[in-house]
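Inspection log for the structure reproduced underneath, given as structure tokens.
In the numbering used here, the protein residues as written are 9 to 471.
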């Protein structure tokens, strides 16, 4: 465990492997109008690895939405908190960018059509960014989606205005993913399922399928192309396949541990790591084991296995995020959590694949990617050189984590042909399988040990 300059309530892996974090001031008090932090993992975990910088925009980006723009590597920051007559937790319409080259947050010089607090932000297959949900003020919501195009600007989707979609029933960081057909699959906390079309002014259809009720602070993720794992109330867990027009829903195994405010992170080998959480929402006095015990779900077997026990409970406002070296950053919690400390610190989780299989506890030797292009494009082969024989190549999209979710994360298994120490690797077939943006490319040896990833950009610019 290591100290952190702030509570990292919201974190994003940048296109150069560093981590952008924000959420509180240096004392751990709610609010991100003053400072933000950039951590360089290459410099270790000490204070010299952190760069705490001023947020000079005037926007409190606490509980905003954030995503890395595929074409530029900038971080789009939409909405945030606003204080009205001394009362926090109103919403902001502001649009800001973290400029990775300048190392500063800058205003876009305009606002969204609607203020938003707690919005979901996701990358679309065409490189646009979709903004969903959020709250306007303590009594009103922002159900009309907006789309940002880096070349042409902003537009709204008034035809997708539905309270149960992104309003009072589903405003808090809504769960949604783009399907292989281009529409948006939306799953609300009541268990209702919607298809949202993005053309024109937008439209929506309520699908006949339904699952059990969920919660805004129970994790859901896309663990493979078109396949979603969703943890619901009462320990019910579902696998949802959205590769066809009608989703296929199956019950999945449950680990047995309650997981309010947990975070689910896809790993380089395709398994899912879940950390943090508690028996009751936002309550550190309950479920002490589940507060600290991590778990791994294997989609191949639908089985759960125990992971390491964390030094601290990570509840509301906690995060977890896959790092370039295959470890997982876990941290934060507090700044509003009941009976919980303000955690100005973080931990690093080392998954089992990093260790020798003999039980010695020693790190396994790792393969290395010695040559790879910086850019790749869909349905095209690219050449990769490695230091050792490889059994798998995988892509993991670099995500942004906050409030029990890692937004934009994807996992794609890649096919390949070996030729000595060079491999011809096939890129994902289309942007609906793998949206444009920045990815970790992992090479795993014949024992399943992953390399340190190379960061590559997947986009049409590579062609």
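C-beta: ideal position from N, C-alpha, C; glycine also.
As the structure is a computational prediction, the values presented were derived from the model and not from experiment.
Residue state for residue 59 is assigned as strand, using DSSP reduced to three classes. For residue 217, the number of other beta carbons within 10 angstroms of its own is below 16, and it is reported as exposed. Membership of residue 450 in the beta strand (DSSP E) is indicated by the continuous run 445–453. Where residue 44 is concerned, the enclosing beta strand (DSSP E) starts and stops at 43–47. As computed with DSSP, residue 137 is found in a beta bridge with 131, 156. Taken through DSSP and simplified to helix, strand or coil, residue 289 comes out as coil. The beta carbons of residue 376 and residue 402 sit no closer together than 8 Å. The stretch 277–284 and the stretch 318–338 touch, with three or more beta-carbon pairs separated by less than 8 Å. Restricting attention to 437, 450, 262, the CA atom closest to the CA of residue 310 is found in 262. Per DSSP, reduced to three states, the secondary structure at residue 144 is strand. Of 81, 454, 88, the smallest CA-CA separation from residue 150 is found for 88. A Cβ-Cβ distance of about 5 Å is found for the pair residue 444 and residue 135, placing them in contact under the 8 Å criterion.
Comparing C-alpha distances from residue 415 to each of 241, 128, 85 shows the shortest one belongs to 128. The three-state reading of DSSP puts residue 189 in coil, since its state is none of H, G, I, E or B.
Of the other Cβ atoms in all chains shown, fewer than 16 fall within 10 Å of the Cβ of residue 425; this residue is therefore exposed. Rounded to the nearest whole angstrom, the CA to CA distance from residue 199 to residue 100 is 29 Å.
If you keep only unbroken beta strand (DSSP E) runs of at least 3 residues inside the stretch 229–315, you get 235–239, 245–249, 256–260, 271–274, 280–283, 301–306. Here the alpha carbons of residue 148 and residue 172 stand approximately 13 Å from one another. If you draw a straight line from the Cα of residue 400 to the Cα of residue 451, it comes to about 6 Å. Ranked by how close their Cα comes to the Cα of residue 243, the residues 253, 229, 260 have 260 in first place. Under the three-state reduction of DSSP output, residue 167 falls in the helix class. Residues 227, 282, 283, 284, 285, 412 of the same chain have their beta carbon placed closer than 7 Å to that of residue 270, with the five preceding and five following residues left out of the count. Under DSSP, residue 351 takes part in no beta bridge, so it has no partner.
In this structure, residue 15 and residue 39 do not form a Cβ contact; the two beta carbons are roughly 11 Å apart against a cut-off of 8 Å.
Comparing alpha carbon positions, the residue from 27, 34, 22, 26 closest to residue 13 is 34. When DSSP reads this structure, residue 413 sits in a beta bridge with 410. Taking residue 302 as the centre and dropping the five residues before and after it, the same chain places the C-beta of 281, 282, 283, 315, 316, 318, 357 closer than 7 Å to its C-beta, in chain order. Rounded to the nearest whole angstrom, the CA to CA distance from residue 175 to residue 362 is 43 Å. Per DSSP, residue 123 is one residue of the beta strand (DSSP E) stretching across 112–124. Shown here, residue 109 sits in coil according to DSSP, grouped into three states, outside any helix or strand. Spanning the alpha carbons of residue 307 and residue 164 requires a straight line of approximately 37 Å. By the neighbour-count criterion, in which 16 or more other beta carbons inside 10 Å mark a residue as buried, residue 160 falls on the exposed side.
It is roughly 9 Å from the alpha-carbon of residue 447 to the alpha-carbon of residue 461.
Inclusion of residue 223 and residue 183 in the CB contact set at 8 Å is not warranted, their separation being larger than that value. Beta-bridge partners assigned by DSSP to residue 377: 394. Looking only at 92, 22, 180, 264, the smallest Cα-Cα distance to residue 106 is reached by 22.
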